[in-house]
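Asker:
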Amino acid sequence: MSGSNDLRDEEEQARAPLDRATATRLWELTRGARGPLLALAGLEAFMVVSIVLRPWFLADIIDHSLAGTATAAVFVLALGGLMATWLVRFGGAGVAHWLAGRIALRVLSDLRRRLYDHVHSLSMRYFDSTRAGRIVARVDRDVEALQPALVNAVPETLGVLLRFLGAATAMLLIDPWMCAVLAPLLPVLIITAMLFRKAGQKRWGQVAEAKSRVTAHLCETITGVGVLQQCAAEDGNRERYGRLLTDLDGTAIRASYAWGWFQPFTALLSTIGIAALLLVGGHHLADGRITVGQLAQCVFYVFLFLGPLQELGDLIERLASSSAAAQRVFLLLDTRAEINDAAAATALPPVTGEVTLSGVSFAYLPDKPVLRGIDLKIAAGETVAVVGPTGHGKSTLVQLLTRFYDPVEGVVAIDGHDLRGVTQQSLRRQVAVVPQDNVLFSGSIRDNLRLARPEATDAQLDAAVAALGADEVLMALPRGLATECGPGGSHLSHGQRQLVCLVRASLADPRVLVLDEATSAVDIHTERRIQRALKRLVAGRTAVIVAHRLATIRDADRIVVIHEGRIAEQGTHDQLMAAGGRYAALYGSSVRSEG
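So in my numbering, spot 455 of the sequence shown is number 530, and the numbers just go up one at a time.
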């Protein structure tokens, strides 16, 4: 899926209405909290009963007072009933608020965990084509926006319906004409709510998408702030962020403006309803059909009759925002990994490390091939350096050897095992990668080393560091291997991070090592330490080194030159220099640029 297609899909999904299929999927997300959710709905129903009963006690007091029959017992019973209904209402509201919070924490945490696990399963192509900020927005803000749909929708909708039905039933019992007066307002209110819901779904989908663009841009800025400062591009980037915020503000204002008319409209209907009820009720009071207390009851029930429908409009507005978020969350959950274990995949047995690429072609985009008909055999224990101009396919080989991508044509094999026929987990236990960007995570150096071997003891970690000669750098830190790396390894220097990554690779004890320029961007002294560590690391292992600085790979057993996706030449450093071909030209250019 390309980045543009992903964005287009999200925008289309965000504008889609909350249909039955989406509502069903949202309900399925509450599976782990159905009991508490039903308890919350039951509590809401209990509170509605207390609200519906309250006017009966008031009417009793009014009618007995006007008739002169009010006794102490009447007042005690009526006031006691009122007090009981108020206690149920406010006590129930407190419990409901607490219970809703507990349900939200459980349901939203479960969904975040599910999304987090799903993101781990996605193929590298998804991350290459999707901005990190968009993924963060899905797992963070969009999940939070689902609370009205996942937690509040059922009890609030039930409460609205029960209050409406309770008020209608009570008025029918008092005087059917009172209910008939309000009946014409009901279809008007329902149709209006549906129209506003349709408009709101589109508007809030646009708001959510605008927020996503702001989040994605912010994440990119934080990640690349050094480049922006180096290029003195802060002003331009700030202006772009300002335009995104302006777009978000305008979209949100338009959405709020559309919904802003709904509440005044429902208030107008309520006023009309009360006026009509008082007109009819006054006549019936004069005719003796109803009492003053019953008229007061009906006035109360008008608000209980129309009020829930107003609240339903507010709920619909929040559900419109939740629906837009739900569509994008489900789009992420429905994204399937392109690289999967075959149904008949088997675990890769222990290998010697012979790597074979037979007729391998690859393209990230259908009309732009990156590798074309690569035939390459690397013997077990051989160190092969892959060089070539930027963008000609060197780093793509790394992606194929670890099966982050599959070739469009041809076969990539280790010890004769087609990588598509073995499980990814077993493959990556025997093939280790040291990437150019030296990824470390928050935690100590020991924590990062244990990513390769979780069961390793402190003594084993110390031994691994010493075995590569990295102890003179890492053990010299104030807290040694207990030193905190910081987010992304920010507390360590570039060279220190590279050494940690090399030690981590050695702890995995792989048969095949893939190194994407492990000595880039370091000073000469650090480079020598890393080169010594590399020699110890590759000893007895198959090593594929993607080199950008050619002076670092002169001692490789073989050097393969990639040009325009094909193998242009291969041989030792001396052989290729003597041939005076592409490698000699690249090497001369590299030496001049470094010198």
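Where a beta carbon is used, it is the ideal one built from N, C-alpha and C, also for glycine.
Values in this document were obtained by computation on a predicted structure and should not be read as measured data.
Ignore the nearest five residues each way along the sequence and tell me which others in R586's own chain have a CB closer than 7 Å to its CB.
Answerer: Cβ within range, chain order: V426, T427, G428, Q505, R616, T617.
Asker: Going by DSSP, what residues sit across from V635 in a beta bridge?
Answerer: Beta-bridge pairing links V635 to V461, Q645.
Asker: Please go through the same chain and pick out, in chain order, the residues whose beta-carbon is closer than 8 Å to the beta-carbon of N227, but skip the five residues on each side of it.
Answerer: Same-chain partners within the cutoff: A175, L390, R393.
Asker: From R329 to L183, what distance separates their C-alpha atoms?
Answerer: Their backbone Cα atoms lie some 29 Å apart in a straight line.
Asker: Just the Cα atoms here: how many angstroms apart are D512 and A327?
Answerer: Answer to the nearest angstrom: the Cα atoms are 39 Å apart.
Asker: For D203, tell me which candidate among V235, Y480, A116, L240 has the shortest Cα-Cα distance.
Answerer: Nearest option by C-alpha distance: Y480.
Asker: With a threshold of 16 other CB atoms inside 10 Å of the CB of V263, please say whether the residue is buried or exposed.
Answerer: So V263 ends up on the exposed side.
Asker: Considering only residues of the same chain and omitting the five flanking positions on each side of I249, which have a CB-CB separation below 7 Å?
Answerer: Counting only Cβ-Cβ distances below 7 Å, and skipping sequence neighbours, we find I365, Q369, Q372, C373.
Asker: Touch check for the stretch 535-546 and the stretch 477-491: three-plus C-beta pairs under 8 Å?
Answerer: As far as the Cβ criterion goes, the stretch 535-546 does not touch the stretch 477-491, which means the pair count is below three.
Asker: Between which two residues does the alpha helix (DSSP H) harbouring D215 extend?
Answerer: Note, D215: premise wrong, no alpha helix (DSSP H); not H, not E.
Asker: How far does the alpha helix (DSSP H) with T346 in it reach, from first residue to last?
Answerer: That run of the alpha helix (DSSP H) goes 337-361.
Asker: Just tell me which of V194, I637, D632 has its CA closest to the CA of D649.
Answerer: That would be D632, whose Cα lies nearest to the Cα of D649.
Asker: Measuring CA to CA, which of V229, G563, D493 is closest to N51?
Answerer: Residue 51 is absent from the model: the chain starts at 76 and stops at 670.
Asker: Of all the options F340, E639, R657, which has the alpha carbon lying nearest to the alpha carbon of G646?
Answerer: Checking every option, the nearest Cα to that of G646 belongs to R657.
Asker: Applying the 10 Å Cβ sphere with the 16-neighbour rule, what's the burial state of A653?
Answerer: Exposed, because fewer than 16 other Cβ atoms sit within 10 Å of the Cβ of A653.
Asker: Alpha carbons only, please: which of I137, G317, R478 is nearest the one belonging to S198?
Answerer: Closest option to S198, Cα to Cα, is R478.
Asker: Does DSSP classify I620 as helix, strand or coil?
Answerer: Note: I620 maps to strand in three-state DSSP.
Asker: Going by C-alpha to C-alpha distance, which of Y376, E284, A460, A134 sits closest to V367?
Answerer: Ranking the options by Cα distance to V367, first place goes to A134.
Asker: Under DSSP, the alpha helix (DSSP H) around G656 begins and ends at which residues?
Answerer: That residue, G656, is in no alpha helix (DSSP H); it is neither H nor E in DSSP.
Asker: Write down the C-beta distance between V461 and K452 rounded to the nearest angstrom, noting that I regard them as a contact closer than 8 Å.
Answerer: Their Cβ separation, rounded to whole angstroms, is 14 Å, which puts V461 and K452 out of contact at 8 Å.
Asker: Of all the options D310, P424, E386, which has the alpha carbon lying nearest to the alpha carbon of A342?
Answerer: Nearest C-alpha to A342: E386.
Asker: I'd like to check one pair, L549 with S680: are the Cβ atoms closer than 8 Å?
Answerer: Only positions 76 to 670 of the chain appear in the structure, and residue 680 is not among them; the question remains open.
Asker: Quick one: what's got a C-beta closer than 7 Å to L536's C-beta in the same chain, skipping five residues either side?
Answerer: The residues are R521, L524, L556.
Asker: So V430 and F437 are supposed to be a Cβ contact under 8 Å. How far apart are they, rounded?
Answerer: Rounded, the Cβ-Cβ distance is 16 Å, inconsistent with contact.
Asker: What separation, rounded to the nearest whole angstrom, lies between the Cα atoms of L475 and T99?
Answerer: Distance between the alpha carbons of L475 and T99: 40 Å.
Asker: By Cβ distance below 6 Å, which residues in the same chain neighbour L432 in space, the five residues on each side in sequence not counted?
Answerer: Only I449, L451, V487 meet the Cβ criterion.
Asker: I need the straight-line Cα distance from A239 to E413, nearest angstrom please.
Answerer: The sequence shown places Phe at residue 239, not Ala. Approximately 51 Å between the Cα atoms of the pair.
Asker: What does P444 pair with, by DSSP beta-bridge criteria?
Answerer: Answer by DSSP bridge pairing, in chain order: A438.
Asker: Under 8 Å by Cβ, that's how I've got G208 and C294 pegged, so tell me the actual separation to the nearest angstrom.
Answerer: About 3 Å separates the two Cβ atoms, so the contact holds.
Asker: To the nearest angstrom, how far is the alpha carbon of G518 from that of C560?
Answerer: Rounded to whole angstroms, G518 to C560 spans 6 Å at the Cα level.
Asker: Let's test the definition: count the other Cβ atoms within 10 Å of the Cβ of D591 and tell me whether it reaches 16, buried, or not, exposed.
Answerer: Burial call: buried.
Asker: Leaving out the 5 sequence neighbours to the left and right, which residues in its chain are closer than 6 Å to R129 when beta-carbon positions are compared?
Answerer: Here the set comprises T160.
Asker: Report the CB separation of L407 from R213 in whole angstroms; it is logged as a contact under 8 Å.
Answerer: Yes, L407 and R213 are in contact; Cβ-Cβ is about 5 Å, under 8 Å.
Asker: Could you work out which residue in R603, V575, L612 is closest to V589 when comparing CA atoms only?
Answerer: That would be L612, whose Cα lies nearest to the Cα of V589.
Asker: Ignoring anything shorter than 4 residues or poking outside the stretch 202-250, list the alpha helix (DSSP H) runs there in chain order.
Answerer: Entirely contained in the stretch 202-250, the alpha helix (DSSP H) runs reaching 4 residues are, in chain order, 207-212, 228-249.
Asker: Can you list, in chain order, the residues of its chain with a C-beta nearer than 8 Å to that of S79? Leave out the 5 residues immediately preceding and following it.
Answerer: At S79, the pLDDT of 45 sits below 50, so the modelled position is not reliable and the matter cannot be decided from this model.
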